[in-house]
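Trainee:
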Amino acid sequence: MSLTNFPGAGGSHTGNPVTKVTMPALAEMKRQGKPITALTAYDYATSRIVDEAGIDMVLVGDSLAMVVLGHENTLAVTVDEMLHHTRAVRRAVRRALVVADMPFGSYHGTIADGLANAVRFVKEAGAEAVKIEGPRVELVRALTDAEIPVVGHLGLTPQSVHRMGGYRVQARTADTAEKLKTDALTLAEAGAGVLVLEGVPREVAAAITAELPIPTIGIGAGPDCDGQILVFHDLVNLTFAPPAKFVRRYGDAAALIREAVAHYREDVEHRAFPSDEESYHLPEAARAALVPKAEAAPRLRTIRKA
Ligand code: KIV
0 MSLTNFPGAG
10 GSHTGNPVTK
20 VTMPALAEMK
30 RQGKPITALT
40 AYDYATSRIV
50 DEAGIDMVLV
60 GDSLAMVVLG
70 HENTLAVTVD
80 EMLHHTRAVR
90 RAVRRALVVA
100 DMPFGSYHGT
110 IADGLANAVR
120 FVKEAGAEAV
130 KIEGPRVELV
140 RALTDAEIPV
150 VGHLGLTPQS
160 VHRMGGYRVQ
170 ARTADTAEKL
180 KTDALTLAEA
190 GAGVLVLEGV
200 PREVAAAITA
210 ELPIPTIGIG
220 AGPDCDGQIL
230 VFHDLVNLTF
240 APPAKFVRRY
250 GDAAALIREA
260 VAHYREDVEH
270 RAFPSDEESY
280 HLPEAARAAL
290 VPKAEAAPRL
300 RTIRKA
């Protein structure tokens with residue numbers, strides 16, 4: 000596989016060399032039939048874990064509006080908020096391709112505005128590609144001409160929630176499936192390097208994947224795509240609503256965090272945290288000078304026993 004070693008990448012956080020995943024590397028994975036792994040991430044700690052686990056593509060998704068910021072859909076998140084999170088992810092990730100989602104409103108006006116906003120993600124936040132929803136062929140061409148790699152996103156596009164009348168599976172008829180395939184091919188011709196297919200029947204995603212020269216990454220699109228993506232918070236049960244049909248929970252971070260926090264609360268309430276070992280101490284001489292001996296001795300004895 001033709002993965003490139005970026006001389007300036009600086010290696011992993013432990014100093015070992017890393018082979019950076021690039022857009023051409025993802026295309027090569029499709030050619031070789033090697034599944035592409037992708038996940039969303041929005042902050043330094045989780046991005047670092049995701050990257051160190053060997054995920055190929057990290058998407059700073061506008062889903063952060065819902066899973067991190069608590070909005071009811073993705074529409075409210077701003078360019079500045081997305082930039083803030085993309086910077087944190089960029090600082091953590093050494094190997095995976097970092098893709099930034101362009102938020103609603105940031106590419107729906109003129110091509111020049113869309114281009115200017117995309118440039119901010121690359122220049123100010125270190126994104127290596129941007130993702131845009133819908134068949135915006137002219138914009139994809141302009142971004143590609145400006146050397147900004149593009150990830151397209153078709154099918155159930157959450158920024159179209161009001162037009163779709165909710166989050167509904169798309170392309171369920173022969174006509175709409177054909178239209179989706181045409182849109183996908185047109186985006187690829189315009190320069191998109193990867194295509195996310197969300198909420199479409201397995202058969203439609205399979206047919207598009209077979210015809211498209213670029214990799215497809217599915218979410219609720221069945222197992223025949225070239226890769227899969229999930230929202231990180233869905234994967235580890237940090238979302239508070241019943242999961243969609245396509246979500247598989249691989250861990251229960253909510254239970255883990257709840258238990259750890261409850262245990263901490265109990266320990267503080269019972270003065271079992273912090274212990275003497277978890278405390279800093281004055282040297283003996285300074286302690287003697289600070290606290291009269293008669294007072295200090297019994298208190299220290301009690302703490303040490305605990
Ligand atoms: O914002 C998002 O999380 C996405 C998905 C493809 C998962 O767009």
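To convert, note that position 185 of the sequence shown is 184 in numbering that gives the first Met the number 0; the numbers rise steadily by one, no gaps. No residue lacks a Cβ here, since even glycine has one placed at the ideal position from N, Cα and C.
1. Within 10 angstroms of its Cβ, does ALA220 collect 16 or more other Cβ (buried), or is it exposed?
2. Pull up the distance between the alpha-carbon of ALA176 and that of ALA126, whole angstroms please.
3. Tell me whether the beta-carbon of ILE213 lies closer than 9 Å to the beta-carbon of VAL195.
4. Can you round the beta-carbon distance between GLY154 and GLN169 to whole angstroms, since I take them to be within the 8 Å contact cut?
5. Please go through the same chain and pick out, in chain order, the residues whose beta-carbon is closer than 8 Å to the beta-carbon of HIS84, but skip the five residues on each side of it.
6. Checking the sheet assignment: what are the DSSP bridge partners for ILE152?
7. Could you give the first and the last residue of the continuous alpha helix (DSSP H) run that contains MET163?
8. Between which two residues does the alpha helix (DSSP H) holding THR175 run?
9. What separation, rounded to the nearest whole angstrom, lies between the Cα atoms of MET56 and ASP112?
10. By the 10 Å Cβ neighbour count, where 16 or more other Cβ atoms means buried, how is ARG158 classified, buried or exposed?
11. I'd like the ranges of any beta strand (DSSP E) spanning at least 3 consecutive residues and lying wholly in the region 203–275.
12. Please list, in chain order, all residues of the same chain as GLY69 whose beta carbon is under 8 Å from its beta carbon, the five residues on each side excluded.
13. Please report the distance separating the alpha-carbon of HIS280 from that of ARG286.
14. Work out the CA separation of GLU277 and LEU289 for me, nearest whole Å.
15. Is the Cβ-Cβ distance between LEU237 and LEU38 less than 9 Å?
16. So is PHE239 buried or exposed if we call it buried at 16+ other beta carbons inside 10 Å?
17. Does the beta-carbon of LEU63, which I'm using as the reference point, lie nearer than 8 Å to any heavy atom of the ligand KIV?
18. First and last residue of the beta strand (DSSP E) that includes LEU74?
19. Taking C-beta to C-beta, are VAL150 and GLY192 nearer than 9 Å?
20. Can you tell me which residues form a DSSP beta bridge with VAL59?
21. From ASP61, ASP50, ILE218, PRO34, pick the residue whose C-alpha is nearest to that of ARG94; which is it?
22. How is LYS33 classed by DSSP in three states: helix, strand or coil?
23. Below 7 Å CB to CB, which residues in the same chain sit around VAL136 once its five sequence neighbours on both sides are set aside?
24. Just to confirm before moving on: does the CB-CB distance between ARG248 and PRO222 stay below 9 Å?
25. Which value, in whole angstroms, describes the spacing of the CA atoms of GLU210 and ARG171?
26. For THR21, does the three-state DSSP call read helix, strand or coil?
27. By a C-beta neighbour count over all protein chains shown, 10 Å radius and 16 as the cutoff for buried, is ILE256 buried or exposed?
28. I want to check one thing, is the minimum distance from the CB of LEU142 to the heavy atoms of the ligand KIV below 8 Å?
29. From HIS152, VAL203, ALA145, ASP225, pick the residue whose C-alpha is nearest to that of LYS33; which is it?
Mentor: Checking against the coordinates, here is how it stands:
1. Position 221 of the sequence shown, counted from the start, is the residue given in the question as residue 220. Counting Cβ neighbours within 10 Å, ALA220 comes out buried, since at least 16 surround it.
2. Here the question's residue 176 lines up with position 177 in the sequence shown. Here the question's residue 126 lines up with position 127 in the sequence shown. Each residue's Cα considered, the two are about 32 Å apart.
3. Translated into the one-based positions of the sequence shown, residue 213 becomes position 214. Translated into the one-based positions of the sequence shown, residue 195 becomes position 196. It is not a contact, given that the beta carbons lie outside the stated cut-off.
4. Residue numbering aside, residue 154 sits at position 155 when the sequence shown is read from its first letter. Residue numbering aside, residue 169 sits at position 170 when the sequence shown is read from its first letter. That pair is a contact at about 5 Å.
5. Taking the first residue of the sequence shown as 1, we reach residue 84 at position 85. Counting only Cβ-Cβ distances below 8 Å, and skipping sequence neighbours, we find TYR41, ASP42, VAL59, LEU63, VAL67.
6. What you label residue 152 is simply residue 153 of the sequence shown in a count that begins at 1. In the sequence under discussion, the amino acid at residue 152 is His, which differs from the Ile named in the question. For HIS152, which the question treats as bridged, DSSP gives the partners GLU132, VAL195.
7. Your numbering for residue 163 matches position 164 in the sequence shown. Residues 160–163.
8. Taking the first residue of the sequence shown as 1, we reach residue 175 at position 176. Element bounds for THR175: 173–189.
9. In the sequence shown, the residue the question calls residue 56 occupies position 57. In the sequence shown, the residue the question calls residue 112 occupies position 113. Cα to Cα, the separation comes out at about 26 Å.
10. Taking the first residue of the sequence shown as position 1, residue 158 is located at position 159. Strictly speaking, residue 158 in this sequence is Gln, with Arg absent from that position. Classification for GLN158: buried.
11. 215–218, 226–229
12. Residue mapping note: residue 69 aligns to position 70 of the sequence shown, counting from 1. There are no such residues.
13. In the sequence shown, the residue the question calls residue 280 occupies position 281. In the sequence shown, the residue the question calls residue 286 occupies position 287. Rounded to the nearest angstrom, the two C-alpha atoms are 8 Å apart.
14. For the purposes of this step, residue 289 is identified with residue 290 of the sequence shown, where counting begins at 1. For the purposes of this step, residue 277 is identified with residue 278 of the sequence shown, where counting begins at 1. About 21 Å.
15. The residue labelled residue 237 in the question sits at position 238 within the sequence shown. The residue labelled residue 38 in the question sits at position 39 within the sequence shown. No. Outside cutoff.
16. If you number the sequence shown from 1, residue 239 lands on position 240. Under this definition PHE239 is an exposed residue.
17. Walking along the sequence shown from the start, residue 63 turns up at place 64. Under cutoff, so the answer is yes.
18. As a working note, residue 74 is residue 75 in the sequence shown. Segment: none, LEU74 is in no beta strand (DSSP E) and carries neither H nor E.
19. Here residue 150 refers to the residue found at position 151 when the sequence shown is read from its first residue. Here residue 192 refers to the residue found at position 193 when the sequence shown is read from its first residue. Yes, the Cβ-Cβ distance between VAL150 and GLY192 is below 9 Å.
20. Along the sequence shown, one-based indexing puts residue 59 at 60. According to DSSP, which records beta bridges pairwise, VAL59 is partnered with ALA99.
21. By 1-based counting over the sequence shown, the position of residue 94 is 95. ARG94 has its Cα closest to that of ASP50, out of ASP61, ASP50, ILE218, PRO34.
22. For the purposes of this step, residue 33 is identified with residue 34 of the sequence shown, where counting begins at 1. Coil.
23. Taking the sequence shown and counting its residues from 1, one reaches residue 136 at position 137. The answer, listed in chain order, is THR185, LEU186, ALA189.
24. Looking up residue 248 in the sequence shown gives position 249. Looking up residue 222 in the sequence shown gives position 223. Not in contact: ARG248 and PRO222 (Cβ atoms no closer than 9 Å).
25. On the sequence shown, residue 210 is found 211 positions in, with the first residue counted as 1. On the sequence shown, residue 171 is found 172 positions in, with the first residue counted as 1. So the two alpha carbons sit approximately 19 Å from each other.
26. Taking the sequence shown and counting its residues from 1, the one referred to as residue 21 is at position 22. THR21 falls in the coil class under three-state DSSP.
27. Here residue 256 refers to the residue found at position 257 of the sequence shown. Counting Cβ neighbours within 10 Å, ILE256 comes out exposed, since fewer than 16 surround it.
28. The residue given as residue 142 occupies position 143 in the sequence shown. No; taking the cut-off as 8 Å, the Cβ of LEU142 has no heavy atom of the ligand KIV nearer than that.
29. By 1-based counting over the sequence shown, the position of residue 33 is 34. Comparing Cα-Cα distances from LYS33 to each of HIS152, VAL203, ALA145, ASP225, the minimum goes to ASP225.
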